[in-house]
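A.B. asks:
In our numbering, the protein residues as written are 924 to 1343.
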């Protein structure tokens, strides 16, 4: 019995030593005994359960003309958001004709020039809030151009809309603009990461940092994980920017357990308003992929850490995304050059497209309703009255397509006649 007890004590000692093991690095007297923490890319302990998500019943589906469901990603949601950001940043396309994105405001602007024949990577920087599929569908033989230089015309995403696209692969509750990500606003839909106070109503992340002090904010940054978001915002000047962590931060602490901000860093992905001058591989892109920023630099630029409530939700609390057409489109209504019905979704709708095809299948008229931050219903009559403006009398087919961030679907194909 005594030998057995000694064996158990020995095993326990080995176990404790293994649990306390860590990597250390010696530096100067003020930063001795630094500890490296973090596990890049790890999402252990947050894998969705095997329970079923919330979906429409057959009785609910029967109320509508057509319902198309898109299954939730099976991967960990933290991986999903990073993967979709990478997907948006990685699509290759060739500029079909010179175009620009050019805007100027009081405190910032855009001046991007795309050259004919040049290959680019990533969805362009613009504010039409397109999904990956939308931009992919806009390519003609792998090429894209735009007649306008306005960021409200060019197919693209900016920093926040690219992140909204990524979040909305699984979560419809975080939607809209940068205001939905500001914790001091009533419309805040994300979640603060760490433990810091948020003074109500302040309109700058700088105010949040100053209210808490650097030490508190460094500790909050320390809590970031893969898929979390960092944000800087100054609504006095109308500026904001967002980045997504592609892995957990690398953390150095001193012998007092406090972070060493100049040595702690995050690796992120972000959409920006400038071409990445640090790329040395010949790639032309406005996406900054796997850039590294120290905690010290983040606070100097007034970044605060955010996360998502959905990361801690069980899969049974999540909704299966769907898009639907609520009623059959009537040929006799189309004959009057108007519409009935609406496209709806439980997720923000990215676009609704109506195409008119002649007998040969050639598109003779097309109209898209897009640039929607948080729209769940698009009544066709309200948005497509101009579709028939230049369509001559004859026999045609109307095709209705709609998309959310995760995917798109054809919702109707209706034959009709425009009378003389």
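Virtual Cβ for every residue (Gly too), placed ideally from N, Cα, C.
(1) By Cβ distance, which residues of its chain are closer than 8 Å to residue 1185, with the 5 residues on each side in sequence left out?
(2) Across which residues does DSSP place residue 1338 in a beta bridge pair?
(3) Is residue 1040 near residue 1014, with beta carbons less than 8 Å apart?
(4) Contact defined as beta carbons within less than 8 Å: I believe residue 1004 pairs with residue 1090. What is the distance between those atoms, to the nearest angstrom?
(5) Would you check if there are 3 or more beta carbon pairs closer than 8 Å linking the region 1147-1167 to the region 1188-1197?
(6) At the level of alpha carbons, what is the spacing between residue 1168 and residue 999?
(7) Taking all protein chains shown into account, decide if residue 1248 is buried (16 or more other Cβ within 10 angstroms of its Cβ) or exposed.
(8) Report yes or no: do the region 1058-1077 and the region 1232-1241 share at least 3 C-beta pairs separated by less than 8 Å?
(9) Give a yes or no on contact between the region 1156-1167 and the region 1097-1106, applying the rule of three or more CB pairs nearer than 8 Å.
(10) Pick out whichever of 1222, 1161, 1123 and 1210 has its Cα sitting closest to the Cα of residue 1139.
(11) Can you tell me which residues form a DSSP beta bridge with residue 1032?
(12) Please classify residue 1254: does DSSP put it in a helix, a strand, or coil?
(13) Let me confirm a value: residue 1029 is counted as buried when at least 16 other C-beta atoms fall within 10 Å, else exposed. Which label applies?
(14) For residue 1052, tell me which candidate among 988, 1060, 1078 and 1073 has the shortest Cα-Cα distance.
(15) Can you check which of these residues, 1109, 974, 977 and 1085, is closest to residue 1126 by C-alpha distance?
(16) Where are the beta strand (DSSP E) runs, 3 residues long or more, that stay fully inside the region 1175-1255, in chain order?
(17) Tell me, to the nearest whole angstrom, how far the beta carbon of residue 1245 is from that of residue 1224; I am working on the premise that it is less than 8 Å.
(18) Kindly indicate which three-state DSSP category residue 1332 falls into: helix, strand or coil?
(19) On the CB-based measure, 16 or more other CB atoms within 10 Å of its CB, does residue 1336 come out buried or exposed?
(20) Scan the region 1089-1154 and note each continuous alpha helix (DSSP H) run of 4 residues or more that stays entirely inside, going in chain order.
(21) Measuring straight from C-alpha to C-alpha, what distance separates residue 1092 and residue 1320?
(22) State the DSSP-derived secondary structure class of residue 1018, mapped to helix, strand or coil.
(23) Please report the straight-line C-alpha distance between residue 1144 and residue 1194, rounded to a whole angstrom.
(24) Which stretch, first to last residue, makes up the beta strand (DSSP E) that contains residue 1165?
(25) Between residue 1099 and residue 1297, which are expected to be in contact by the criterion C-beta below 8 Å, what is the C-beta distance as a whole number of angstroms?
(26) In this structure, how does DSSP classify residue 1058 when only helix, strand and coil are distinguished?
(27) Using the Cα positions of residue 1019 and residue 1270, report the straight-line distance between them to the nearest angstrom.
(28) Which residue from 1325, 1132 and 1227 puts its Cα closest to that of residue 1115?
C.D. replies: Working from what's here:
(1) Counting from 1 along the chain shown, the entry for residue 1185 is found at position 262. Closer than 8 Å at the Cβ level, and outside the excluded window around residue 1185, lie 1217, 1218 and 1219.
(2) Locating residue 1338 in the chain shown gives position 415, where the first residue counts as 1. Paired residues: 1320.
(3) Taking the chain shown and counting its residues from 1, one reaches residue 1040 at position 117. Taking the chain shown and counting its residues from 1, one reaches residue 1014 at position 91. In this structure, residue 1014 does not lie closer than 8 Å to residue 1040 by Cβ.
(4) Position 81 of the chain shown, counted from the start, is the residue given in the question as residue 1004. Position 167 of the chain shown, counted from the start, is the residue given in the question as residue 1090. 6 Å between Cβ atoms; contact.
(5) yes
(6) For this step, residue 1168 is matched to residue 245 along the chain shown. For this step, residue 999 is matched to residue 76 along the chain shown. Their backbone Cα atoms lie some 15 Å apart in a straight line.
(7) Your numbering for residue 1248 matches position 325 in the chain shown. It is buried - the Cβ of residue 1248 has at least 16 other Cβ atoms within 10 Å.
(8) no
(9) yes
(10) Reading the chain shown from its first residue, position 216 is the one you call residue 1139. It is 1222 whose Cα lies nearest to the Cα of residue 1139.
(11) What you label residue 1032 is simply residue 109 of the chain shown in a count that begins at 1. In DSSP, residue 1032 forms a bridge with 1027.
(12) For this step, residue 1254 is matched to residue 331 along the chain shown. It is helical.
(13) Position 106 of the chain shown, counted from the start, is the residue given in the question as residue 1029. It counts as exposed.
(14) To locate residue 1052, count along the chain shown from 1; it is residue 129. Of the listed residues, the one whose Cα sits closest to residue 1052 is 1078.
(15) By one-based count along the chain shown, residue 1126 stands at place 203. For residue 1126, the nearest C-alpha among the options comes from 1109.
(16) 1188-1194, 1210-1217, 1227-1230 and 1245-1248
(17) Counting from one through the chain shown, the residue named residue 1245 turns up at place 322. Counting from one through the chain shown, the residue named residue 1224 turns up at place 301. No, residue 1245 and residue 1224 are not in contact; Cβ-Cβ is about 40 Å, not under 8 Å.
(18) For the purposes of this step, residue 1332 is identified with residue 409 of the chain shown, where counting begins at 1. Reduced to three states, the DSSP call for residue 1332 is strand.
(19) Position 413 of the chain shown, counted from the first residue, corresponds to residue 1336. Counting Cβ neighbours within 10 Å, residue 1336 comes out exposed, since fewer than 16 surround it.
(20) 1128-1135 and 1137-1145
(21) As a working mapping, residue 1092 is identified with position 169 in the chain shown. As a working mapping, residue 1320 is identified with position 397 in the chain shown. Each residue's alpha carbon lies about 32 Å from the other.
(22) For this step, residue 1018 is matched to residue 95 along the chain shown. Three-state result, residue 1018: strand.
(23) Residue mapping note: residue 1144 aligns to position 221 of the chain shown, counting from 1. Residue mapping note: residue 1194 aligns to position 271 of the chain shown, counting from 1. So the two alpha carbons sit approximately 21 Å from each other.
(24) Along the chain shown, one-based indexing puts residue 1165 at 242. Looking at the DSSP string, the run of the beta strand (DSSP E) that includes residue 1165 is 1162-1168.
(25) Residue numbering aside, residue 1099 sits at position 176 when the chain shown is read from its first letter. Residue numbering aside, residue 1297 sits at position 374 when the chain shown is read from its first letter. Confirmed, Cβ separation roughly 5 Å.
(26) Within the chain shown, the letter at position 135 stands for residue 1058. Looking at residue 1058 - three-state DSSP - the assignment turns out to be helix.
(27) Your numbering for residue 1019 matches position 96 in the chain shown. Your numbering for residue 1270 matches position 347 in the chain shown. Computed Cα separation, rounded: 33 Å.
(28) Numbered from its first residue, the chain shown carries residue 1115 at position 192. Cα-wise, what sits closest to residue 1115 is 1227.
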